[in-house]
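Trainee: Following the numbering used here, the numbering of the sequence shown begins with 1 at its first residue and continues without gaps. Every residue, glycine too, gets a C-beta built ideally from N, C-alpha and C. In this text, all values refer to a predicted model and were calculated from it rather than measured experimentally. Attaching a single structure in structure tokens format; questions to follow.
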Amino acid sequence: MPIDETIVTEAIATTFFEKFKSSLDLDVAIVGAGPSGLTAAWKLAEKGLNVAIFERKLSIGGGMWGGGVTWNIIVVQEEGKHILDEAGIPTKEFKKGYYTADAVLATTQLAAKATLSGAKIFNCFSVEDVVLRVIDGEKRVTGIVINSSPIEIAGLHVDPVVIKCKYLIEATGHDLEVINTLIRKNDVRLFTPTGKIEGEKSMWADVAEAHTLDNTKEVFPGVFVAGMAANACFGSYRMGPIFGGMLLSGVKVAEEIIKRLK
Ligand code: 48F
């Protein structure tokens, strides 16, 4: 078959913009394709919701690819193992209650579960701001402002575009980028004890893992925090390369939003 390059180009452009146009008015926009964002996308899409992840990097997976210090194995404790089982990710018990999984397989399989369930992933898109509205007298986030990552990296002065969403999941990890922007640009209070970002604390894996789940909740009208961002926002510890809390947080944030959308 002779190849016509313009058909290849047309196929990409047409199909990409069909995917993009179907994402202009989302049920849920997720910022960050780390383990918590990917798990949330899978669980939300599985329920038939219109959900998309926006990821700055070319690669999905966030901090999951590299395991610990690029030794690409992750550890998941007993409580989170059922999520790996459900996703079809093989595990080995290392010591009682501590399971290992291949970090690359875990990342790619979670991404496959999310996309095969209908979630759309926009890699190479950075979320640089949110859309704020006053609804029934209350400020609420109703969308995200996105730009192409290469434009961001090149520092080009090119305006972003906007996506509407009923809920936004802040899953940007340690940097808590979306909430930082929300707080920096607007005179608003978060649902945290001080009304501000409480900030991440040092390593204490046991407490951090439990707190990740507690801290996975709505932090501002229309915005939920998940994964490491939840601990950074509500002032808890980091946990290093144990990933059960990230997966459980992704499941929890999806369940909470599904309840709201009902
Ligand atoms: O950091 P990350 O993996 O988030 P997570 O789901 O998982 C944390 C763990 O990987 C690990 C840990 C626990 O074991 O402490 O660090 O909480 O993934 C966050 C993703 O968000 C992207 C970033 O590139 C990364 O892939 N990201 C960050 N800011 C933006 C963004 C932004 N403004 N727009 C788009 N993507």
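Suppose you measure from the CA of M246 to the CA of G48; what does that come to, to the nearest Å?
Mentor: One-based indexing of the sequence shown puts residue 246 at position 246. One-based indexing of the sequence shown puts residue 48 at position 48. If I take the Cα positions, the gap works out to 22 Å.
Trainee: From this set, G66, K196 and G173, which residue's C-alpha is nearest R56's C-alpha?
Mentor: What you label residue 56 is simply residue 56 of the sequence shown in a count that begins at 1. Answer by Cα proximity: G173.
Trainee: Using DSSP with H/G/I as helix, E/B as strand and the rest coil, what is E198?
Mentor: Translated into positions along the sequence shown, residue 198 becomes position 198. Three-state DSSP puts E198 in coil, outside helix and strand.
Trainee: Compare the beta carbon distance of T181 and D129 with 8 Å and say whether it is the shorter of the two.
Mentor: Your numbering for residue 181 matches position 181 in the sequence shown. Your numbering for residue 129 matches position 129 in the sequence shown. Taking 8 Å as the Cβ cut-off, T181 and D129 qualify as a contacting pair.
Trainee: What residues match up with W65 in a beta bridge as DSSP calls it?
Mentor: The residue labelled residue 65 in the question sits at position 65 within the sequence shown. Bridge partners of W65: none, in fact.
Trainee: Given 7 Å as the limit, tell me if E200 has its C-beta closer than that to any heavy atom belonging to ligand 1.
Mentor: Looking up residue 200 in the sequence shown gives position 200. E200: no, Cβ never under 7 Å from ligand 1.
Trainee: Quick one: measure Cβ to Cβ for M64 and T107, integer angstroms, because I've assumed they're closer than 8 Å.
Mentor: For the purposes of this step, residue 64 is taken as the residue at position 64 of the sequence shown. For the purposes of this step, residue 107 is taken as the residue at position 107 of the sequence shown. Contact flag correct, Cβ pair sits at about 5 Å.
Trainee: For ligand 1, is there a heavy atom less than 7 Å away from the beta-carbon of I242?
Mentor: Position 242 of the sequence shown, counting from 1, holds the residue named residue 242. Yes.
Trainee: Based on the DSSP output, what are the partners of I135 in its beta bridges?
Mentor: As a working note, residue 135 is residue 135 in the sequence shown. Per DSSP, E138.
Trainee: Output yes or no for whether 8 Å exceeds the beta carbon distance between V69 and Y98.
Mentor: What you label residue 69 is simply residue 69 of the sequence shown in a count that begins at 1. What you label residue 98 is simply residue 98 of the sequence shown in a count that begins at 1. Against a cut-off of 8 Å, the Cβ pair of Y98 and V69 comes out as no contact.
Trainee: Looking only at its own chain, which residues have a Cβ that is under 6 Å from the Cβ of F220, when we skip the five neighbours before and after it?
Mentor: Here residue 220 refers to the residue found at position 220 of the sequence shown. Answer for F220: L190, listed in chain order.
Trainee: Distance check for I179 and A33, CA to CA, integer angstroms please.
Mentor: Start at 1 with the first residue of the sequence shown, and residue 33 comes out as number 33. Start at 1 with the first residue of the sequence shown, and residue 179 comes out as number 179. Taking the straight line joining both Cα atoms gives about 16 Å.
Trainee: Going by alpha carbons, who is nearest to A205 out of P241, K166, A111 and T91?
Mentor: For the purposes of this step, residue 205 is identified with residue 205 of the sequence shown, where counting begins at 1. Nearest C-alpha to A205: P241.
Trainee: One question on the structure: do F224 and E170 come within less than 8 Å of each other, judged by their Cβ atoms?
Mentor: Counted from its first residue, the sequence shown places residue 224 at position 224. Counted from its first residue, the sequence shown places residue 170 at position 170. F224 places its beta carbon less than 8 Å from that of E170.
Trainee: In the DSSP assignment, the alpha helix (DSSP H) including C124 goes from what residue to what residue?
Mentor: For the purposes of this step, residue 124 is taken as residue 124 along the sequence shown, with counting starting at 1. Premise fails: C124 is in no alpha helix (DSSP H) and is neither H nor E.
Trainee: Just reading off the beta strand (DSSP E) that F224 is part of, what are its end residues?
Mentor: The residue you call residue 224 lines up with position 224 of the sequence shown. Looking at the DSSP string, the run of the beta strand (DSSP E) that includes F224 is V223 to V225.
Trainee: Spatial neighbours of D333 within its chain, please: C-beta separation below 8 Å, excluding the five flanking residues on both sides.
Mentor: This structure cannot settle anything about residue 333, because the visible part of the chain is limited to 1 through 262.
Trainee: DSSP on D206, reduced to helix/strand/coil?
Mentor: Position 206 of the sequence shown, counted from the start, is the residue given in the question as residue 206. If DSSP states are grouped into helix, strand and coil, D206 belongs with the helices.
Trainee: Given T212, which residues of its chain have a CB within under 8 Å of its CB, disregarding the five upstream and five downstream residues?
Mentor: Stepping through the sequence shown from its first residue, residue 212 is reached at position 212. Taken in chain order, the residues that qualify are G227, M228, A230, N231, S236, M239, G245, M246, L248 and S249.
Trainee: Can you tell me the Cβ-Cβ gap for I83 and T39, rounded? I've got them flagged as a contact below 8 Å.
Mentor: Position 83 of the sequence shown, counted from the first residue, corresponds to residue 83. Position 39 of the sequence shown, counted from the first residue, corresponds to residue 39. Confirmed, about 7 Å.
Trainee: Would you call K259 buried or exposed, if buried means 16 or more other Cβ atoms sit within 10 Å of its Cβ?
Mentor: For the purposes of this step, residue 259 is taken as residue 259 along the sequence shown, with counting starting at 1. So K259 counts as exposed.
Trainee: Quick one: which unbroken alpha helix (DSSP H) runs of 4-plus residues sit fully inside the region 65-108? Chain order, please.
Mentor: 78-87
Trainee: Consider the C-beta atom of D129 and the heavy atoms of ligand 1; say whether any pair is separated by less than 7 Å.
Mentor: Within the sequence shown, numbered from 1, the residue matching residue 129 stands at position 129. Flag unset: Cβ of D129 not near ligand 1.
Trainee: Give the single residue among I197, F234 and I183 whose Cα lies nearest to the Cα of A208.
Mentor: For this step, residue 208 is matched to residue 208 along the sequence shown. Closest option to A208, Cα to Cα, is F234.
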